[in-house]
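Numbering (the numbering used here), first residue to last: 284 to 911.
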């Protein structure tokens, strides 16, 4: 007689197949190894003796492997009754009946009948791939108009253009918005600027018959930001009547208009007509109206130095802007409630990871943040602030990257992000609230997990140390009981032999005195335990050394000579009773000395100072100073 021993749960996969594995044993419980077996499988509805809704046989016959394991896929055989795809899995329960002919023929005998549990519902879930009975207008994005019904929304999408409340989409306009009254509209891409020769097309176009074409509002940053990387203007204002091409208004202590020419450009150029500052009726090319001295300058120097303020004047930002970069010292130095604050523009088009809010470049520290009470540098990326019409890429709060510029001396070590903390009872060089991924290697002095204490979570933490090894070791363990013959087969994961080598074994008998041995080492991800008594519970542990490609390329070398420049120094100088100056990372801390800083922000209360420095021929410093 033959026994079909189900040894691994059946499981469903789409499309319309159910994997099935079992071990076939013959007389004396011997494995039916490498044997052709005739198999007939039936799916029964309601009970183990219920109606046959599907039945199939297999040609050619499936063959067991060396361990007597029979593997087949229900649904891949020759149907006798019904179809597997036609089964409504929601009207169960269902049972699978297995019949075999150990001689490979069709003289089947019943071996087992077992209930199918939740596994086939993967096939049931496949029906969610299509939905019928839904109607709507072509190119209209659907929305729920009731709890169970879909209808047209105001959004249209023809694959090229997207519109809101637009009847017919213009194929030349990427994004269009039309008001309910038709008075106002918004368009993006390939829209001409009317009545001008300055531009023939624009990215964003706002049109109104009675109101304002484009309105930009921000409570703390730029209402409208224009940027051009070509030869034309970032923002162009055209007036064909008697009004103003560009009109800037501030109702508080802000600035109505601000112009920044960069390191080699010009802050403001008026090519024709009169320009007025403090007056709407200029009488010359430049007319400045101010009771006190508005501008004080020095000829032949590339900067203007001077200031004008009243006792009641106040500024919020530490630095409002700059004209040139600094060849020596600090390019921007701001002291105020906000040390240095920059915001990059939002756009309707973008790759999602190319805009830079703050960029600093210097010989020592590109960006330095110092705070007396708060955070020195904050990196924040809120990608949902503006919905991009087209955008891909990742979102980074802080992105660190280290590389050697062409022609520069290659350093011994580069740091994408370097963190150092000291001076407190608890110091964190880096603190992560969330998941952390390290694709390379990780070196540390010690390591633990830290959790809320299971017995007193509100008042205590619980720590456990990591398990360390010089061999890149993986540890696997478990409990198993031997059978009536004192034999137990331990099946390891499919990836086990591919991942590991150099296996080590440990066995511990539980509950009685008995002997246990490894009767067969790992072969095809399985090893065998043998006890001198039957039905013995055994706790086992197996270790292996990683042999994946990364591990083979980056083996741990337990003992390594320190670099020549690091000899005589310590990773943990304090613990060895040495001064901090003998710490290996002492010279690597970029803020131990005041650096030449490309961009620096300090937060404190007091004067607000904005300085644009440049070394002159006389070694003097000229700039602009604003005080309050």
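Beta carbons: idealized from backbone N, C-alpha and C, even for Gly.
Out of 723, 350 and 779, the CA that lies nearest to the CA of residue 836 is found in 723.
Here the segment 798 to 809 lies against the segment 762 to 782, with 3 or more beta-carbon pairs under 8 Å apart. Among the bridge pairs identified by DSSP, residue 820 is matched with 764 and 793.
Inter-residue distance for residue 327 and residue 459 is about 58 Å (C-alpha atoms, whole angstroms). Contact between residue 749 and residue 761 is absent: CB atoms are separated by about 21 Å, not below the 8 Å threshold.
Taking C-beta separations shorter than 8 Å and ignoring five residues to either side along the sequence, the partners of residue 704 in its chain run 710, 711 and 712, following chain order. Here the C-alpha atom of residue 799 lies approximately 48 Å from the C-alpha atom of residue 373. Excluding residues up to 5 positions away in sequence, 865 lie with their Cβ nearer than 8 Å to the Cβ of residue 851 in the same chain.
Per DSSP, reduced to three states, the secondary structure at residue 832 is helical. Residue burial is scored here from C-beta neighbours: residue 383 has at least 16 other C-beta atoms within 10 angstroms and is therefore classed as buried. In this structure residue 569 is exposed. Its beta-carbon is surrounded by fewer than 16 other beta-carbon atoms within 10 angstroms. When the Cα atoms are used, residue 421 and residue 508 turn out to be separated by approximately 36 Å. DSSP, read as helix, strand or coil, puts residue 844 in coil.
Note: residue 384 is bridge-paired with 321 in the DSSP secondary-structure output.
The beta-carbon separation of residue 317 and residue 347, rounded to 6 Å, stays under the 8 Å limit for a contact. For residue 786, the three-state secondary structure derived from DSSP is strand. Boundaries for residue 852: no beta strand (DSSP E) harbours it, and the DSSP string shows neither H nor E there. The segment 347 to 365 makes contact with the segment 305 to 320; the number of CB pairs closer than 8 Å reaches 3 or more. Annotation: residue 797 to residue 789 spans about 15 Å, alpha carbon to alpha carbon.
With 16 or more other CB atoms across the displayed protein chains lying within 10 angstroms of its CB, residue 823 is buried. Rounded to the nearest angstrom, the gap between the Cα atoms of residue 322 and residue 315 is 14 Å. DSSP places residue 865 in the helix class (H, G or I) of the three-state scheme. Rounded to whole angstroms, the separation of the alpha carbons of residue 447 and residue 431 is 24 Å. Between the beta-carbon of residue 562 and that of residue 572 there is about 4 Å, and that keeps the pair under the 8 Å contact cut. Residue 737 and residue 746 have their C-alpha atoms spaced approximately 11 Å apart. Taking the Cα positions, residue 497 is about 21 Å away from residue 444.
Secondary structure at residue 799: strand, using DSSP grouped into helix, strand and coil. Distance from the CA atom of residue 560 to the CA atom of residue 461, rounded to whole angstroms, is 38 Å. Annotation: the continuous beta strand (DSSP E) that includes residue 734 extends over 731 to 735.
Residue 564 sits exposed, since fewer than 16 C-beta atoms from the chains shown fall within 10 Å of its C-beta.
Taking C-beta separations shorter than 7 Å and ignoring five residues to either side along the sequence, the partners of residue 423 in its chain run 435, 436 and 439, following chain order. In the three-state reduction of the DSSP assignment, residue 703 falls in the coil class. Within the DSSP secondary-structure output, residue 716 pairs in no beta bridge. Just so you know, the alpha carbons of residue 843 and residue 849 end up roughly 12 Å apart.
Rounded to the nearest whole angstrom, the C-alpha separation of residue 856 and residue 862 is 6 Å. Secondary structure of residue 364 (DSSP, three-state): strand.
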